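Student: One structure, as structure tokens, below. Some questions next.
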Amino acid sequence: MRRYSRITGTGSYLPPRRLTNADLVAELARDGIETSDEWIVERTGIRARHFAAPDVTASDLGLEAARNALQAAGLQAQDIDLIIVATSTPDMVFPSVACILQHKLGANGCPAFDVQAVCSGFVYALAVADSMIQTGAANRALVIGAEVFSRILDFKDRTTCVLFGDGAGAVVLEASETPGILSSDLHADGKHVGILCVPGNVSGGQVLGDPVLKMDGQAVFKLAVGVLEKAAHAALAKAGMTEADVDWLIPHQANIRIMQGTARKLKLSMDKVVVTVDQHGNTSAASIPLALDHAVRSGQVKKGETLLLEGVGGGFTWGAVLLKL
Ligand code: UT7
């Protein structure tokens with residue numbers, strides 16, 4: 001009998017400090033940076049974001065999300081035999097956030113590693129965990145997206161600092177005789193490294209380069225809508241399904257206009273798109289599991305429904321995972 005993987009619990013966590021656009025506009029104004037609630041809402045759909053306290057790391061946020069997901073699945077930390085964390089804002093150069101989180105959680109012994117695919121990180125991590133479960137390498141995985149993007153923002157650059165937030169989301173993925181994950185489709189094209197990057201590096205005890213986020217927003221925007229449509233169609237084709245079979249699209253939460261463009265291309269009404277970017281901003285690898293958990297807990301998304309998760313971001317990376325909840 002074929003082995004599948006299935007999501008049996010979701011969880012998320014947002015750090016308590018919430019900044020509305022008005023709060024951020026006032027903070028930036030103190031440093032002479034001009035922006036407005038109107039511009040941010042009109043261009044992105046973002047109204048608020050959360051920022052972690054200075055001593056809080058990605059593993060701290062991921063830990064809370066993981067605990068919530070375990071509770072939803074009715075499992076203990078010791079039941080987990082694989083931990084994958086998607087992040088681009090790790091606690092340290094090494095070891096991985098996954099190892100640090102594993103110890104905090106008390107799941108010591110199981111394989112634990114990070115996946116770095118920026119805003120596509122969660123769909124990459126979910127596809128990897130699904131493969132490991134299908135082959136029998138794992139039975140019960142925690143797949144987590146955790147980010148403290150506020151650490152890598154340049155608060156003098158209004159074109160990027162208003163877009164991002166901190167947070168974490170997690171799922172428990174268990175072996176199952178029925179799907180579960182139906183298909184996935186992952187891609188990367190490294191020729192676009194320069195349009196979205198943090199061009200800093202640790203060398204000889206110093207940071208070389210500029211360790212803050214740089215983005216050519218328009219280039220990213222144009223690429224994003226096209227590749228998201230292709231990945232969605234590829235994932236659907238692999239599962240022998242069409243757009244009509246999708247109950248919910250849960251895209252990476254970067255910009256409401258990208259989500260609207262993708263939905264239009266997929267002939268899906270916005271009523272079928274889970275949107276949390278207004279309240280969370282862009283939390284990179286955390287955005288999809290955060291949106292999923294909010295949709296599950298609010299009753300918007302229900303067991304048995306077909307979900308299409310889609311990520312896109314730095315690398316350039318993109319991908320989709322199609323699943324039955
Ligand atoms: O998570 C990874 C994926 N990332 C994304 O998906 C981001 C994709 N890109 C985007 O979402 C959009 O390109 C942005 C939201 C980043 C920018 O929106 P846009 O409609 O492409 O604006 P723009 O860059 O063309 O800028 C328009 C104007 C410019 O002024 P001029 O040159 O027309 O006078 C900017 O200087 O808006 C100005 N501007 C701002 N004004 C007020 C840029 N940032 C701000 C700001 N407040 N924060």
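Counting from 1, one number per residue, gives the positions in the sequence shown under the working numbering. Cβ coordinates follow ideal geometry from the N, Cα and C atoms, glycine included. Note that the structure is predicted; figures quoted are calculated from it, not measured.
#1: Looking at Thr-8: is its Cβ nearer than 7 Å to the Cβ of Val-296?
#2: Grab the span of the beta strand (DSSP E) containing His-187 for me, first residue to last.
#3: When you compare only the Cα positions, how much space is there between His-280 and Asp-81?
#4: On the three-state DSSP scale, how would you describe Leu-153?
#5: May I have a chain-ordered list of the beta strand (DSSP E) segments no shorter than 3 residues that lie completely inside the stretch 43 to 76?
#6: Report yes if the C-beta of Arg-151 is less than 6 Å from at least one heavy atom of the ligand UT7; otherwise report no.
#7: What number of angstroms, rounded off, separates the C-alpha of Cys-110 from the C-alpha of Leu-173?
#8: Do the stretch 178 to 187 and the stretch 44 to 60 meet, that is, are 3 or more Cβ pairs less than 8 Å apart?
#9: Relative to the ligand UT7, is the shortest distance from any of its heavy atoms to the C-beta of Lys-299 smaller than 6 Å?
#10: Do you know how far the Cα of Ala-244 is from the Cα of Ala-286?
#11: Provide the residue span of the alpha helix (DSSP H) that contains Gly-194, from first to last.
#12: Between which two residues does the beta strand (DSSP E) harbouring Leu-142 extend?
#13: Once you ignore the five residues that flank Ala-77 on each side, which residues in its own chain have a CB closer than 7 Å to its CB?
#14: In whole angstroms, give me the CA-to-CA distance for Val-128 and Ala-263.
#15: Any contact between the stretch 253 to 273 and the stretch 148 to 155? By contact I mean 3 or more CB pairs, one from each, below 8 Å.
#16: Shortest alpha-carbon distance to Thr-317 belongs to which of Leu-290, Ser-284 and Asp-293?
#17: Report the CB separation of Pro-179 from Tyr-4 in whole angstroms; it is logged as a contact under 8 Å.
#18: For Thr-306 versus Asp-247, is the C-beta spacing smaller than 7 Å?
Tutor: With the structure as the only source:
#1: Pairing Thr-8 with Val-296 gives a Cβ-Cβ distance that is not under 7 Å.
#2: Note, His-187: beta strand (DSSP E), 181 to 188.
#3: Straight-line Cα distance between these residues: approximately 30 Å.
#4: Residue state, collapsed to three classes: coil.
#5: Counting whole runs of 3 or more residues, the stretch 43 to 76 contains the beta strand (DSSP E) stretches 48 to 50.
#6: No, the ligand UT7 has no heavy atom inside 6 Å of this Cβ.
#7: The alpha-carbon atoms of Cys-110 and Leu-173 are separated by roughly 15 Å.
#8: With a cut-off of 8 Å, the stretch 44 to 60 and the stretch 178 to 187 do not count as touching, because too few Cβ pairs lie within range.
#9: Strictly speaking, residue 299 in this sequence is Gly, with Lys absent from that position. No, since every heavy atom of the ligand UT7 falls outside the 6 Å radius drawn around the Cβ of Gly-299.
#10: For Ala-286 and Ala-244, the distance between alpha carbons rounds to 27 Å.
#11: Note, Gly-194: premise wrong, no alpha helix (DSSP H); not H, not E.
#12: In the DSSP assignment, Leu-142 falls within the unbroken beta strand (DSSP E) covering 140 to 148.
#13: Same-chain partners within the cutoff: Leu-70, Leu-105, Gly-106 and Ala-107.
#14: So the two alpha carbons sit approximately 26 Å from each other.
#15: The stretch 253 to 273, when compared against the stretch 148 to 155, does not touch it at the 8 Å Cβ threshold.
#16: Per the Cα distances, Ser-284.
#17: A Cβ-Cβ separation of about 4 Å places Pro-179 in contact with Tyr-4 under the 8 Å criterion.
#18: Result yes, Cβ atoms of Thr-306 and Asp-247 sit closer than 7 Å.
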